[in-house]
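Take a look at the structure set out below.
Protein chains: 2
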Amino acid sequence: MAARKGVLLVISAPSGTGKSTLVHELLRRMEDVEFSVSFTTRKMREGEADGLDYHFIDRGRFDAMIGSGEFLEWADVFRERYGTGRSVSLLKLASGRDLILDIDIQGGRQVRASGIDAVSVFVLPPSFPTLKSRLLSRGSDSDEQVATRLAMARGEADEVKYYDYVVVNDDLESAVDQLATILSAERLRVSRRGPVTEDILSTFPAE
Amino acid sequence: MAARKGVLLVISAPSGTGKSTLVHELLRRMEDVEFSVSFTTRKMREGEADGLDYHFIDRGRFDAMIGSGEFLEWADVFRERYGTGRSVSLLKLASGRDLILDIDIQGGRQVRASGIDAVSVFVLPPSFPTLKSRLLSRGSDSDEQVATRLAMARGEADEVKYYDYVVVNDDLESAVDQLATILSAERLRVSRRGPVTEDILSTFPAE
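One line per chain: the protein sequences are A and B, in this order. 1 is the number of the first residue of the first sequence in UniProt numbering; add one for each residue after it. 1 is the number of the first residue of the second sequence in UniProt numbering; add one for each residue after it.
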């Protein structure tokens, strides 16, 4: 048996906040943490690997998994479906691996509703003007897309109140430090350390 | 207004676990943290200062404070009373100071029952034999006292299940690291960072 249960770390943010970079750095820095691989119905692209980038499945199987309550969260994006598997996640967590779920606000709501034991972190930009200049300077979106993202940002940011922790992405290093601190602390939760605690208690004489 | 609410960190352990040393090191290492000063009816001893070591009050005032629900926890020890004040704690927390409460298991129960927002950590020794040899080697207790402490240890250690976090005091430095990590993470809770979050949200245009 693993010495502890893994932490399911849910991370959400308004788009343009730099969440993907943060998650990437966190994965690079910490051991025993892995990125949760989603299921999807979309076609595999060149350079992608099944089971590494996504679990590629067909629509029939995806819908059957919806029907059997197998998704912690799923979404329809441009007619393709994406979802986080429940049993695959629970198996990893039971074996003591921490899982990072990089999901949007809708996904965060579903994970909370699923009743699974998750730790949620909301990443905020230091301010709206900073978010705006970041979105404009990364140059990967059209002006229209930037405008759409900015228009949605307030509603997304308001969702912070439903999360456990908030990290402000002002400086990348300190934001990654904060994510690492949250994960390290959550590993010490009594609810995740049954085996460690029991091992120690078993050395005590009965009263 | 302070940028965040302080964390009320409750720390308990079976006696002999080295909790006082841990708390001392944590206070030395971290800023904005202070030790919660208790109220007591016992006489001030040489070298002690009112308001620093304890708030020294008479029995009449202590009992009036019990009556008005002013204690988060209190106890009778050898006919003298000791208690943690509610309003003094809440004031410090509201001003963004973290408070450390080094209390026994009975005190821990009362704090939980008080409904105050506290974070509780239980410190365990690595094993019963280690606890026994530590108690014997520190030489500050009579054989009878050691025997009493050891007889109570199992019942005390079982209380870990009611706490939020568990820290195993195997190596002092790493145990202090873990306490510091817990405190740092809890400072990032959404529930304690209302002002920070509101400041950021206020820079966003309304939807």
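Cβ atoms here follow ideal geometry from the backbone N, Cα and C, with glycine treated the same way.
Quiz item: How big is the Cα-Cα spacing for A/H55 and A/F35?
Solution: Along the first sequence, read from residue 1 onward, the residue named residue 55 of chain A stands at position 55. Along the first sequence, read from residue 1 onward, the residue named residue 35 of chain A stands at position 35. Straight-line Cα distance between these residues: approximately 13 Å.
Quiz item: In chain B, which residues lie with their C-beta within 9 Å of the C-beta of A/P126?
Solution: Numbered from its first residue, the first sequence carries residue 126 of chain A at position 126. Chain B residues near A/P126: I200 and T203.
Quiz item: Does B/L26 have its Cβ less than 8 Å from a Cβ in chain A?
Solution: Here residue 26 of chain B refers to the residue found at position 26 of the second sequence. Taking Cβ atoms only, chain A never reaches closer than 8 Å to B/L26, which makes this a no.
Self-check item: Three or more C-beta pairs below 8 Å linking the segment 160-175 of chain B and the segment 119-128 of chain B
Solution: yes
Self-check item: Interface partners of A/D158 on chain B, CB under 8 Å
Solution: By one-based count along the first sequence, residue 158 of chain A stands at place 158. In chain order: L201.
Quiz item: Name the chain B residues that come within less than 7 Å of A/V166, Cβ to Cβ?
Solution: For this step, residue 166 of chain A is matched to residue 166 along the first sequence. L188, V190, R193 and T197, listed in chain order.
Quiz item: Does any CB atom of chain B fall closer than 8 Å to the CB of A/K161?
Solution: As a working mapping, residue 161 of chain A is identified with position 161 in the first sequence. Closer than 8 Å: yes.
Self-check item: A/L27 Cβ short of 7 Å to the ligand FAD heavy atom set
Solution: As for the ligand FAD, it is missing from this structure, which has no ligand bound.
Exercise. State the DSSP-derived secondary structure class of A/D104, mapped to helix, strand or coil.
Key: If you number the first sequence from 1, residue 104 of chain A lands on position 104. Looking at A/D104 - three-state DSSP - the assignment turns out to be coil, as it is neither helix nor strand.
Self-check item: Rounded separation between A/L73 and A/G115 - CA only
Solution: The residue labelled residue 73 of chain A in the question sits at position 73 within the first sequence. The residue labelled residue 115 of chain A in the question sits at position 115 within the first sequence. The identity of residue 73 of chain A in the sequence shown is Glu, whereas the question assumes Leu. A straight line joining the alpha-carbon of A/E73 with that of A/G115 spans about 11 Å.
Exercise. Find the residues of chain B that neighbour A/T181, judging by a C-beta separation of less than 8 Å, and give them in chain order.
Key: As a position in the first sequence, residue 181 of chain A is number 181, starting the count at 1. Neighbours of A/T181 on chain B, chain order: T181, S184, A185 and L188.
Quiz item: How big is the Cα-Cα spacing for A/F71 and A/G108?
Solution: For the purposes of this step, residue 71 of chain A is taken as residue 71 along the first sequence, with counting starting at 1. For the purposes of this step, residue 108 of chain A is taken as residue 108 along the first sequence, with counting starting at 1. For A/F71 and A/G108, the distance between alpha carbons rounds to 13 Å.
Exercise. Could you tell me whether the Cβ of B/R154 comes closer than 8 Å to any Cβ of chain A?
Key: As a working mapping, residue 154 of chain B is identified with position 154 in the second sequence. Taking Cβ atoms only, chain A reaches closer than 8 Å to B/R154, which makes this a yes.
Quiz item: With which residues is B/R189 paired in a DSSP beta bridge?
Solution: Here residue 189 of chain B refers to the residue found at position 189 of the second sequence. Answer is A/Y165.
Quiz item: If you scan the segment 43-73 of chain A from start to end, which runs of the beta strand (DSSP E) of 3 or more residues do you find wholly inside it?
Solution: Within the segment 43-73 of chain A, the complete beta strand (DSSP E) runs of at least 3 residues are 54-56.
Practice problem: Flag this pair as yes or no: are the beta carbons of B/L91 and B/L8 separated by less than 8 Å? | Solution: Here residue 91 of chain B is taken as the residue at index 91 of the second sequence, counted from 1. Here residue 8 of chain B is taken as the residue at index 8 of the second sequence, counted from 1. No, the pair does not count as a contact, with Cβ atoms beyond the cut-off.
Quiz item: Does the count of Cβ pairs from the segment 43-50 of chain B and the segment 134-147 of chain B closer than 8 Å reach three?
Solution: no
Quiz prompt | Partners in chain B for A/Q178, counting only beta-carbon separations shorter than 7 Å | solution = The sequence position of residue 178 of chain A within the first sequence is 178, counting from 1. Near A/Q178 (Cβ distances below 7 Å), the residues of chain B are L188.
Quiz item: Are the CB atoms of A/I57 and A/F39 nearer to each other than 8 Å?
Solution: To locate residue 57 of chain A, count along the first sequence from 1; it is residue 57. To locate residue 39 of chain A, count along the first sequence from 1; it is residue 39. Yes.
Quiz item: Just curious, the beta strand (DSSP E) that B/R81 is in, first and last residue?
Solution: Here residue 81 of chain B corresponds to residue number 81 of the second sequence, with the count starting at 1. Residues E80 to G85.
Quiz prompt | Segments assigned beta strand (DSSP E), at least 3 residues, entirely inside the segment 106-175 of chain A | solution = 118-124 and 165-168
Quiz item: What does A/A206 touch in chain B if you count any residue whose Cβ is under 7 Å from its own?
Solution: As a first step, residue 206 of chain A must be located in the first sequence, where it is residue number 206. What A/A206 touches in chain B: R154.
Quiz item: Going by the beta-carbon positions, is the gap between B/D98 and A/R189 smaller than 8 Å?
Solution: The residue labelled residue 98 of chain B in the question sits at position 98 within the second sequence. The residue labelled residue 189 of chain A in the question sits at position 189 within the first sequence. Against a cut-off of 8 Å, the Cβ pair of A/R189 and B/D98 comes out as no contact.
Exercise. May I ask you to list the residues that DSSP assigns as paired with A/D98?
Key: Counted from its first residue, the first sequence places residue 98 of chain A at position 98. Note: A/D98 sits in a beta bridge opposite A/V33.
Exercise. Tell me B/F204's beta-bridge partners as DSSP assigns them.
Key: On the second sequence, position 204 is the one that residue 204 of chain B refers to. In the DSSP output, where bridge partners are listed per residue, B/F204 has none listed.
Quiz item: Whose C-alpha, out of B/D141, B/E198 and B/I11, is nearest the C-alpha of B/L27?
Solution: Walking along the second sequence from the start, residue 27 of chain B turns up at place 27. Comparing Cα-Cα distances from B/L27 to each of B/D141, B/E198 and B/I11, the minimum goes to B/I11.
Quiz item: What separation, rounded to the nearest whole angstrom, lies between the Cα atoms of B/S142 and B/K19?
Solution: On the second sequence, position 142 is the one that residue 142 of chain B refers to. On the second sequence, position 19 is the one that residue 19 of chain B refers to. When rounded, the separation of the alpha-carbon atoms in B/S142 and B/K19 is 20 Å.
Quiz item: How is B/T40 classed by DSSP in three states: helix, strand or coil?
Solution: Your numbering for residue 40 of chain B matches position 40 in the second sequence. Note: B/T40 maps to strand in three-state DSSP.
Quiz item: Roughly how far, in whole angstroms, is the beta-carbon of A/L172 from the beta-carbon of A/T21, given that I think they are within contact range, below 8 Å?
Solution: For the purposes of this step, residue 172 of chain A is taken as residue 172 along the first sequence, with counting starting at 1. For the purposes of this step, residue 21 of chain A is taken as residue 21 along the first sequence, with counting starting at 1. 7 Å between Cβ atoms; contact.
Quiz prompt | B/S12, enclosing beta strand (DSSP E) - first and last residue | solution = Numbered from 1 along the second sequence, position 12 holds the residue referred to as residue 12 of chain B. Element bounds for B/S12: L8 to S12.
Quiz item: Mind checking B/R193: buried by the 16 CB within 10 Å criterion, or exposed?
Solution: For the purposes of this step, residue 193 of chain B is identified with residue 193 of the second sequence, where counting begins at 1. When all chains shown are included, B/R193 counts as buried.
Exercise. Report, in whole angstroms, the separation of the C-beta atoms of B/S180 and B/G96, which I expect to be a contact under 8 Å.
Key: Locating residue 180 of chain B in the second sequence gives position 180, where the first residue counts as 1. Locating residue 96 of chain B in the second sequence gives position 96, where the first residue counts as 1. The sequence given here has Ala at residue 180 of chain B, not Ser. Actually they are not in contact, since the Cβ atoms of B/A180 and B/G96 sit about 17 Å apart, beyond 8 Å.
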